[in-house]
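Residue numbers (the UniProt record's numbering): 1 to 524.
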Amino acid sequence: MAAPVLRPRTVGAGRDPARLARRLGLTGALLMAIGSLGAGALPVPNPLNGLRLIGLPARNATLAIALTYAGMGMVVLAWLWIGRMLSARGAVAPAPDRVSIGRTAVLWAIPLAMAPPMFSKDVYSYLAQSAITARGLDPYVLGPAAALGVDDPLTRTIPTIWRDTPAPYGPLFLMVGRGITALTGNDVVFGVLAHRALALSGVALILWALPKLARRCGMEPGLALWLGVANPLVLFHLVSGIHNEALMIGLLLAGLHLALGDPDEPVPWPRWVAGAALITLGASVKLPALLALGFVGVDLARRSPWSDPQAPPPRGGRVRDVAAAAGALGLVAVGVYVVIGFGTGLGFGWIGTQGTANSIRSWMSLSTDIGQLSGQVGILAGLGDHTDTTLTITRGLGGLAAAAAVAWLLWSCLKGRVDPVTGVGAGLGAVVLLGPVVHPWYLLWAAIPLAATRGMPRYRRVALAASAVIAVMVPPTGADFNFRAYQLPFAIVAGVVMLLVALAAVRELVRREAGPRAPVGPAS
Numbered sequence: 001m002a003a004p005v006l007r008p009r010t011v012g013a014g015r016d017p018a019r020l021a022r023r024l025g026l027t028g029a030l031l032m033a034i035g036s037l038g039a040g041a042l043p044v045p046n047p048l049n050g051l052r053l054i055g056l057p058a059r060n061a062t063l064a065i066a067l068t069y070a071g072m073g074m075v076v077l078a079w080l081w082i083g084r085m086l087s088a089r090g091a092v093a094p095a096p097d098r099v100s101i102g103r104t105a106v107l108w109a110i111p112l113a114m115a116p117p118m119f120s121k122d123v124y125s126y127l128a129q130s131a132i133t134a135r136g137l138d139p140y141v142l143g144p145a146a147a148l149g150v151d152d153p154l155t156r157t158i159p160t161i162w163r164d165t166p167a168p169y170g171p172l173f174l175m176v177g178r179g180i181t182a183l184t185g186n187d188v189v190f191g192v193l194a195h196r197a198l199a200l201s202g203v204a205l206i207l208w209a210l211p212k213l214a215r216r217c218g219m220e221p222g223l224a225l226w227l228g229v230a231n232p233l234v235l236f237h238l239v240s241g242i243h244n245e246a247l248m249i250g251l252l253l254a255g256l257h258l259a260l261g262d263p264d265e266p267v268p269w270p271r272w273v274a275g276a277a278l279i280t281l282g283a284s285v286k287l288p289a290l291l292a293l294g295f296v297g298v299d300l301a302r303r304s305p306w307s308d309p310q311a312p313p314p315r316g317g318r319v320r321d322v323a324a325a326a327g328a329l330g331l332v333a334v335g336v337y338v339v340i341g342f343g344t345g346l347g348f349g350w351i352g353t354q355g356t357a358n359s360i361r362s363w364m365s366l367s368t369d370i371g372q373l374s375g376q377v378g379i380l381a382g383l384g385d386h387t388d389t390t391l392t393i394t395r396g397l398g399g400l401a402a403a404a405a406v407a408w409l410l411w412s413c414l415k416g417r418v419d420p421v422t423g424v425g426a427g428l429g430a431v432v433l434l435g436p437v438v439h440p441w442y443l444l445w446a447a448i449p450l451a452a453t454r455g456m457p458r459y460r461r462v463a464l465a466a467s468a469v470i471a472v473m474v475p476p477t478g479a480d481f482n483f484r485a486y487q488l489p490f491a492i493v494a495g496v497v498m499l500l501v502a503l504a505a506v507r508e509l510v511r512r513e514a515g516p517r518a519p520v521g522p523a524s
C-alpha cells in the first residue's frame, strides 16, 4: 500500500497574511518609541530629566540606543517581509491588500507619532523660524540666534551651524508655523507635537493620493502604499523626524491627482486649476515641488483642451499648445504666490535663501563628493587647496546635468513616451541626486511619486535596498553621538542580540502556524 502524501496543514484560513509581519513592525516601533526617550533628538534642556519612570531611558543611554536600533531593525525587516509577500502574490500565499498595508503603515506610525522626534533636529529650527515670524521680524534675513538670542529655549537645541542662517522655507510653511507659535508660545514640547500634527496631515494626503495615482498609472495600489507610505524612510523621517517634506509631497501628490485626472478623458479647467494651485502650495513649503507644474503643463498641452474636442487623441502637443498651457499654469502659480506672499507679509525673500543648506558638504551628494575628491587630488599633487573652487564647478555641472535630465523627461512626456507621474518622480530624483546637498529624506521626493508608476519594477530593487540601508544609517539622535566611547558599540551589539532573539521568536510562531504535516491521501 502506498505511503500517504504529507502536505502542510492549512491553519487560520482567511486571516490577514501580514499579521505576523505587522506585529513584528509594531514591536519595533514601540521599542523605538521607548528608546527615543533617551536616544532621540531631544531638546535642550531635556524636559524628561528628573521624571521617575519616563526619564529612565535618558539616564541609561546605552540601553536607550540598543532599544532604538533593535526596533529600527524590526521595522525594516517587517517591511521587507511584507514586500516578499507582495512579490509572491498568487505563487505562495495570498498577499496583503491595499487596506491591510494602509492599516499596517498607520499602526507602525502611531508609536513614533507619540514619541520624541528622532533622526533630525530640524523641527527645532521650524519652531525658532516660526517664532521669528510671529514677532514681526523677517525670517529670511535673521537667523534664530540674531532674532531670538542664543539663550532662547527655541534656539538652544538648534545645531550650531544653523543658528545664524535665515529660513529656506516658503511663506506658507512659516505662516502655518506662526499660527503654531501663537498656540504654543515658547513651549518646545507642545510646539513639537503641533508640528508633528502638521507633518501627519501631509502623510495623510500621501495616503489618500498615492493609490489614486497608482490606479491611473496601472499599478496595484497596495504595492504603491507599501513602498510609498509603509517605507521605513517615511516612518523614520516624516513621522518621527517631522520633516516638512511630508506636507510638500502630500500637497504635490494631491495636486497631481486633481490636475492629471483620467489619462483618457479631458480634465475640466476647474480641476486642473485646483491641482496646479495645490502643487504651488506645496512649492510654498519647499520650492522643488514646483517642478511638477512642468509635467502637468506638458500633459495638458498634449491633451490640449484648446483643440477640437472631436479630434482623436493626442489632440495637442504643438508649440502653441505648450505655450498656452505654460501661460495658464504660470498665471495660477503667480497668483498663488502673490496671494501668499502679500497675505502673509513675508513677500518673496525666501527665494534668495534657497542656497542656505549648501554651506554643508553632504557625503550623499555626487556632485559634492566629486568636488571634494578633486580638491584632495589637487592637495596631494602639490597644487594647493582649491576645494571650494572645485565644489563650485562640480556642483554647477551637477545642476546643468539635472536641468538636462528634466528637459529630456519633459520632452518624452510631451511625446507620450513617459507618463507625467513618472516624469515628476524621475525629475525630482535627478534634482536630488545631482544637487549639492542630499539628506536621506530628500530621496522621498522621488521615491514616493515613483512608487505609483509602472516604471517601478525597473528600480524597485534599488529603491528597496536603498530604503532598508539608509533607514538604519542615520543616528536617532539627529546628530553625532555625544556619549562615552564604549556606549555606541555596546549598544549596537545589544541591539543586534535583541533583534536576533525577536527573529527567533517570530520564526517559531511561523513554524507553529504552519502546523504539522498531516496525511491527506495515498500516493498513486
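Just so you know, even glycine gets a beta-carbon here, dropped at the ideal spot from N, CA and C.
Just so you know, these numbers come straight off a predicted model, no measurement behind them.
**Q.** Burial state of GLU245, where buried means 16 or more other Cβ atoms lie within 10 Å
**A.** buried
Span separating the alpha-carbon of CYS217 from that of ALA463 = 19 angstroms
Query raised in the report: Pairing CB atoms from the stretch 119-131 with CB atoms from the stretch 180-199, are three or more of them under 8 angstroms?
Result: yes
For the putative contact between MET32 and MET72, defined by C-beta atoms under 8 angstroms, what is the C-beta separation to the nearest angstrom? 6 angstroms
* State yes or no: is the C-beta of ASN231 within less than 8 angstroms of the C-beta of TRP79? => A Cβ-Cβ contact shorter than 8 angstroms links ASN231 with TRP79.
- 8 angstroms Cβ cutoff met for ALA466 and LEU443: yes
**Report entry** Reduced DSSP secondary structure (H/G/I, E/B, other) of PHE348
**Finding:** coil
Own chain residues within Cβ distance below 6 angstroms of ALA214, not counting five before or after = PRO221, ALA224, ALA452
* To do: Give me the Cα-Cα distance between ASN186 and VAL192, rounded to the nearest whole angstrom.
  => 11 angstroms
#### Entry: Under 8 angstroms between C-beta atoms of ALA325 and GLY297
ALA325 places its beta carbon less than 8 angstroms from that of GLY297.
| field | Cβ contact check for the stretch 135-149 and the stretch 160-167: 3 or more pairs under 8 angstroms | value | yes
Which residue's Cα is closest to the Cα of THR27: TYR69, GLY423, GLY202, THR62?
TYR69
Measure the C-alpha to C-alpha separation of LEU393 and GLY371 and round it to an integer number of angstroms.
-> The question names Leu, yet the displayed sequence has Ile at residue 393. Answer to the nearest angstrom: the Cα atoms are 7 angstroms apart.
Quiz item: Are TRP350 and PRO171 closer than 8 angstroms when you measure CB to CB?
Solution: yes
* Using CA coordinates, which residue listed in TRP408, LEU331, LEU287, PHE236 is at the minimum distance from VAL474? -> PHE236
- Task: Would you decide whether THR280 is buried or exposed? Buried here means 16 or more other CB atoms lie within 10 Å of its CB.
- Result: buried
Problem set entry | Simplified DSSP assignment, three categories, for THR390 | helix
Quiz item: So, helix, strand or coil for ARG59, using DSSP?
Solution: Correct three-state label for ARG59: helix.
- prompt: Taking the continuous alpha helix (DSSP H) assigned at ARG22, which residues delimit it?
  reply: In this chain, the alpha helix (DSSP H) harbouring ARG22 covers 19-39.
Q. Which two residues bound the contiguous alpha helix (DSSP H) that contains residue 526?
A. Any question about residue 526 goes unanswered here, given that the chain covers just 1 to 524.
_Within 8 angstroms, strictly: CB atoms of LEU174 and ILE470_ = no
Is the separation between the beta-carbon of ALA21 and that of GLY38 shorter than 8 angstroms? no
Item to check | Three-state secondary structure assigned by DSSP to LEU281 | outcome: helix
*In terms of residues, what are the limits of the alpha helix (DSSP H) holding residue 539?*
For residue 539 there is no data in the structure shown, the boundaries of the chain being 1 and 524.
Exercise for review: Starting from ALA451, follow the alpha helix (DSSP H) in both directions and report where the run begins and ends.
Suggested key: Careful: ALA451 lies outside any alpha helix (DSSP H) and carries neither H nor E.
Q) Are the CB atoms of THR387 and ALA167 nearer to each other than 8 angstroms? A) no
Cβ of TRP226 versus every heavy atom of the ligand GDP: is any distance shorter than 7 angstroms? The ligand GDP is not part of the structure shown, which contains no ligands of any sort.
Can you tell me whether LYS286 is buried or exposed? The criterion is at least 16 other CB atoms within 10 Å of its CB, across all chains shown. buried
Practice task
Using the Cα positions of VAL339 and VAL176, report the straight-line distance between them to the nearest angstrom.
Solution key: Cα-Cα distance, rounded: 15 angstroms.
**Contact belief for GLY179 with GLY250 at Cβ below 8 angstroms, rounded distance in angstroms** = About 18 angstroms; that fails the 8 angstroms criterion.
Measure the beta-carbon distance from PRO449 to LEU205 and round it to whole angstroms, keeping in mind my assumption that it falls under 8 angstroms. Not quite, the Cβ-Cβ distance comes to about 13 angstroms (not below 8 angstroms), so this is no contact.
- When the Cα atoms are used, what is the spatial distance from ASP152 to ARG19? 47 angstroms
query: Could you give the distance in angstroms between the alpha-carbon of ALA333 and the alpha-carbon of GLY399?
result: CA-to-CA, the gap between ALA333 and GLY399 works out to about 23 angstroms.
Margin query: Tell me which residue opens and which closes the alpha helix (DSSP H) that SER120 is part of.
Written below: Neither: SER120 is in no alpha helix (DSSP H) and is coded neither H nor E.
(message) Please report the straight-line C-alpha distance between ALA446 and ALA301, rounded to a whole angstrom.
(response) 24 angstroms
Discussion item. Just to confirm the assignment, what range does the alpha helix (DSSP H) spanning TRP208 have?
Written reply: 188-216
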